[in-house]
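Engineer:
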Amino acid sequence: MSVHPPGTVLLAMYGQGKTRGRAAVLGISACTSQNAAAIACGEKILPDYLWHDLRRRYQELRQDGIQGHLSHLNLAFVRRFEMKIPSLDEQRRIVEILSAIDAKIDAERRRLAALEDLYRTLLHGLMTGALRVDDPAVARETAQLSLPANPVE
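For the sequence shown, the numbering used here gives the first residue as 1, with consecutive numbering after it.
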């Protein structure tokens, strides 16, 4: 069993759900099973650039892999996979742009999850009478929201 260094790109080779075709970049040294291909990028390609490209091609990887009772990818398929490799400077800029957008998407997902939690909490509290519309906790939690004028006065 070999140990893969940080920066190695892993590609899930098996999985019937969303797993097969998913990629990740190792942040630490790690061993893997035969269920993942370990891709060492070398000097011409940045690991994060390869990771973004594999994310883009997720459906293609899943569809073009070996289909059957246990659908999977194999190393021969992965080795034949072609991709455009721009200069390292362009790769860095592409990674910066995509990573910034990814971070914004993550922040929006967290914001949406917090808003959904607030909705569920207030839905339960207001509909069961545990909270009242004039409760300071309701005012505090909804202060940042654009709410209609209070008709209950």
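Positions of the beta carbon are idealized from the N, C-alpha and C atoms, including for glycine.
Report buried or exposed for Arg120, applying the criterion of at least 16 other Cβ atoms within 10 angstroms of its Cβ.
Structural biologist: Numbered from 1 along the sequence shown, position 120 holds the residue referred to as residue 120. When all chains shown are included, Arg120 counts as exposed.
Engineer: According to the neighbour-count rule (16 or more other Cβ atoms, all chains shown, within 10 Å of its Cβ), is Ile28 buried or exposed?
Structural biologist: Translated into the one-based positions of the sequence shown, residue 28 becomes position 28. Residue burial annotation: Ile28 is exposed, with fewer than 16 other C-beta atoms found within 10 angstroms of its C-beta.
Engineer: Keeping to the same chain, check which residues put their C-beta closer than 7 Å to that of Ala12; ignore five residues upstream and five downstream.
Structural biologist: For the purposes of this step, residue 12 is identified with residue 12 of the sequence shown, where counting begins at 1. The answer, listed in chain order, is Thr19, Arg20, Gly21, Arg22, Asn35 and Ala36.
Engineer: Roughly how many angstroms separate the alpha carbons of His52 and Val138, rounded to a whole number?
Structural biologist: Counted from its first residue, the sequence shown places residue 52 at position 52. Counted from its first residue, the sequence shown places residue 138 at position 138. So the two alpha carbons sit approximately 42 Å from each other.
Engineer: What is the rounded straight-line gap between the Cα of Val9 and the Cα of Pro136?
Structural biologist: Walking along the sequence shown from the start, residue 9 turns up at place 9. Walking along the sequence shown from the start, residue 136 turns up at place 136. If I take the Cα positions, the gap works out to 51 Å.
Engineer: Give the straight-line distance between the Cα atoms of Asp102 and Arg109, rounded to the nearest whole angstrom.
Structural biologist: Within the sequence shown, residue 102 is the residue found at index 102, counting from 1. Within the sequence shown, residue 109 is the residue found at index 109, counting from 1. Looking at the two C-alpha atoms, the distance is approximately 10 Å.
Engineer: Please state whether DSSP places Leu26 in a helix, a strand or coil.
Structural biologist: In the sequence shown, the residue the question calls residue 26 occupies position 26. Here Leu26 sits in coil by DSSP.
Engineer: Starting from the Cα of Gln63, find the closest Cα among Thr142, Ala113 and Gln16 and give me that residue.
Structural biologist: For the purposes of this step, residue 63 is identified with residue 63 of the sequence shown, where counting begins at 1. Nearest option by C-alpha distance: Gln16.
Engineer: When DSSP labels each residue in this structure, what does Ile85 get in the three-state scheme?
Structural biologist: Taking the sequence shown and counting its residues from 1, one reaches residue 85 at position 85. Ile85 falls in the coil class under three-state DSSP.
Engineer: From Leu122 to Ile105, what does the alpha carbon distance come to, in whole angstroms?
Structural biologist: Locating residue 122 in the sequence shown gives position 122, where the first residue counts as 1. Locating residue 105 in the sequence shown gives position 105, where the first residue counts as 1. Leu122 and Ile105: Cα-Cα distance of roughly 25 Å.
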